[in-house]
Amino acid sequence: MSAPARSATGVRSPTRASIAARTLRTDRWWRPPLLTTLGLAVFVVYATVRSFVRTAYWVDEYHYLTPFYSPCVSASCVPGSTHFGVWVGELPMWIPLAFLSLPFLLGFRLTCYYYRKAYYRSIWLAPAACAVAEPHTRYTGETRLPLILQNAHRWFFYVALVVSAINTYDAILAFHGGTGGFGFGLGNVIITVNVLLLWGYTISCHSCRHAVGGRLKHFSAHPVRYRLWTWVSALNTRHMQLAWTTLGTLMLTDFYIMLVASGTITDLRFVN
1 MSAPARSATG VRSPTRASIA ARTLRTDRWW RPPLLTTLGL AVFVVYATVR SFVRTAYWVD
61 EYHYLTPFYS PCVSASCVPG STHFGVWVGE LPMWIPLAFL SLPFLLGFRL TCYYYRKAYY
121 RSIWLAPAAC AVAEPHTRYT GETRLPLILQ NAHRWFFYVA LVVSAINTYD AILAFHGGTG
181 GFGFGLGNVI ITVNVLLLWG YTISCHSCRH AVGGRLKHFS AHPVRYRLWT WVSALNTRHM
241 QLAWTTLGTL MLTDFYIMLV ASGTITDLRF VN
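Counting along the sequence shown from 1, when you hit position 12 you're at 12 in this note's numbering, and nothing is skipped either side.
If you want it as structure tokens, here you go:
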């Protein structure tokens with residue numbers, strides 16, 4: 001320990017100990033950042049590959065469309081998968097077929113308050129853990145490029161609402177088989193659960209909480225908005241769990257549809 005330093009008032013006060021080590025912790029503090037990085041990396045690699053391969057994303061017999069290709073509105077989409085019509089012509093391979101939704105959904109996830117904490121701490125190591133020194137000497141916060149773009153989160157949230165509605169339409173359409181009658185199978189269960197969890201993640205967002213109840217000075221004068229605000233606030237406490245769960249259900253939904261579309265497995269049908 002260094003000797004106490006004399007302050008401006010003449011009273012001796014202790015100074016911080018000079019520790020050369022990055023940390024004196026003896027536990028495995030690096031495990032949570034490592035697991036977070038691996039989890040995010042698995043999703044990013046899987047989603048990127050599947051978004052560009054353009055194969056096995058549509059099951060015409062059961063109207064199963066993977067969320068990584070919705071909405072599909074180009075002439076490059078396979079017949080039947082263009083639920084909203086063909087808006088543009090053939091797309092080059094470097095443009096994903098779901099070009100209308102994927103960039104905004106990526107922006108919504110990247111600017112999410114929970115994901116910011118996750119990749120700031122695990123990838124950027126700012127900070128990696130409590131009582132662990134940062135490798136950065138300066139910190140400007142989210143006041144400069146590129147991090148100032150994090151403030152666009154609320155706008156990505158509004159687009160995410162529209163995409164969630166589109167995914168809901170896809171899920172409803174999947175209950176009608178190729179013959180036009182009602183059909184129900186394991187794929188419908190997986191798609192529907194994924195959509196419900198995506199809605200949970202979207203409306204549990206902090207921006208949704210602010211949009212519902214923000215800037216209100218008197219909740220008593222707005223009982224409906226206050227009730228909605230309490231519901232969103234309760235769901236907001238599960239935002240982190242929903243953030244991770246929906247990454248898993250997105251991959252599961254896409255992987256199952258890929259297996260059925262490629263003929264690797266057959267869909268387990270309960271009705272029709």
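For every residue, glycine included, the Cβ atom is placed at its ideal position computed from N, Cα and C.
Three CB pairs or more closer than 8 Å across the region 69-80 and the region 195-206: The region 69-80 vs the region 195-206: no contact.
Nearest candidate by alpha-carbon position, reference L250, set F68, M240 and S101: Here the question's residue 250 lines up with position 250 in the sequence shown. Ranking the options by Cα distance to L250, first place goes to F68.
Coil, strand or helix - V132 by DSSP: Translated into the one-based positions of the sequence shown, residue 132 becomes position 132. Of the three classes helix, strand and coil, the one that applies to V132 here is coil, per DSSP.
Residue burial classification, G183 (beta-carbon count within 10 angstroms, cutoff 16): Taking the first residue of the sequence shown as 1, we reach residue 183 at position 183. The residue in question, G183, is buried, as its Cβ has 16 or more Cβ neighbours within 10 Å.
The beta strand (DSSP E) enclosing V195, as first and last residue numbers: Position 195 of the sequence shown, counted from the first residue, corresponds to residue 195. No beta strand (DSSP E) holds V195; the alpha helix (DSSP H) holding it covers L186 to I203.
Buried versus exposed call for G187 [16 or more other C-beta atoms within 10 Å across all chains shown]: As a first step, residue 187 must be located in the sequence shown, where it is residue number 187. G187 should be labelled buried.
Same chain only: Cβ atoms within 7 Å of V271, ignoring 5 sequence neighbours per side: As a working mapping, residue 271 is identified with position 271 in the sequence shown. So the qualifying residues of the chain are F182, G183 and F184.
Own chain, CB closer than 7 Å to R116, minus 5 neighbours either side, in chain order: What you label residue 116 is simply residue 116 of the sequence shown in a count that begins at 1. If we look at R116 and ignore the five residues flanking it on each side, its Cβ neighbours are Q150.
Host beta strand (DSSP E) of R269 (start-end): Residue 269 sits at position 269 when you count from the first residue of the sequence shown. That run of the beta strand (DSSP E) goes R269 to V271.
Boundaries of the alpha helix (DSSP H) in which Q241 is found, first to last residue: Taking the first residue of the sequence shown as 1, we reach residue 241 at position 241. H239 to A261 is the span of the alpha helix (DSSP H), which, as asked, contains Q241.
7 Å Cβ shell around L235 - same chain, five flanking residues per side excluded: Residue 235 sits at position 235 when you count from the first residue of the sequence shown. Taken in chain order, the residues that qualify are G200, I203 and S204.
Nearest-angstrom Cα separation, counted from L125 out to A21: For the purposes of this step, residue 21 is identified with residue 21 of the sequence shown, where counting begins at 1. For the purposes of this step, residue 125 is identified with residue 125 of the sequence shown, where counting begins at 1. If I take the Cα positions, the gap works out to 16 Å.
DSSP beta-bridge partners of S74: For this step, residue 74 is matched to residue 74 along the sequence shown. Per DSSP, the beta-bridge partners of S74 are V88.
Span of the alpha helix (DSSP H), counted from its first residue to its last, around S164: By 1-based counting over the sequence shown, the position of residue 164 is 164. Where S164 is concerned, the enclosing alpha helix (DSSP H) starts and stops at H153 to L173.
Nearest-angstrom beta carbon gap, P33 and R144 [assumed within contact, 8 Å]: Along the sequence shown, one-based indexing puts residue 144 at 144. Along the sequence shown, one-based indexing puts residue 33 at 33. Their Cβ separation, rounded to whole angstroms, is 24 Å, which puts R144 and P33 out of contact at 8 Å.
Nearest to T23 (by Cα), restricted to the options C130, A211 and F219: If you number the sequence shown from 1, residue 23 lands on position 23. Measuring from the Cα of T23, the nearest candidate turns out to be C130.
Segments assigned alpha helix (DSSP H), at least 4 residues, entirely inside the region 30-83: Secondary structure within the region 30-83: the alpha helix (DSSP H) runs of 4 or more consecutive residues, fully enclosed, are 31-53 (chain order).
Cross-strand partners of F182 (DSSP beta bridge): Within the sequence shown, residue 182 is the residue found at index 182, counting from 1. DSSP, once it has assigned bridges, lists H176 as partnering F182.
Delimiting residues of the alpha helix (DSSP H) encompassing Y119: What you label residue 119 is simply residue 119 of the sequence shown in a count that begins at 1. Looking at the DSSP string, the run of the alpha helix (DSSP H) that includes Y119 is Y113 to S122.
Per-residue DSSP class, three states only, for F99: To locate residue 99, count along the sequence shown from 1; it is residue 99. Residue state, collapsed to three classes: coil.
Close-in-space but distant-in-sequence residues of the same chain around H136 (CB under 7 Å, 5 per side omitted): Position 136 of the sequence shown holds residue 136. A126.
For Y226 and G213, the rounded distance between their alpha carbons: Stepping through the sequence shown from its first residue, residue 213 is reached at position 213. Stepping through the sequence shown from its first residue, residue 226 is reached at position 226. CA-to-CA, the gap between G213 and Y226 works out to about 6 Å.
Reference H210, options Y158, L100, W94 and E90, closest by Cα: On the sequence shown, position 210 is the one that residue 210 refers to. Comparing Cα positions, the closest option is Y158.
Per-residue burial, P96 [other beta carbons within 10 Å of its own, 16 or more giving buried]: Locating residue 96 in the sequence shown gives position 96, counting from the first residue. Label assigned to P96: buried.
T264 - DSSP class collapsed to helix/strand/coil: As a first step, residue 264 must be located in the sequence shown, where it is residue number 264. In this structure, DSSP gives T264 a state outside helix and strand, which the three-state scheme calls coil.
Three-way DSSP call (helix, strand, coil) for T230 in this model: On the sequence shown, residue 230 is found 230 positions in, with the first residue counted as 1. T230 falls in the helix class under three-state DSSP.
G141 in three-state terms, based on DSSP: For this step, residue 141 is matched to residue 141 along the sequence shown. Look at G141 here: in three-state DSSP terms it is coil, with no helix or strand label.
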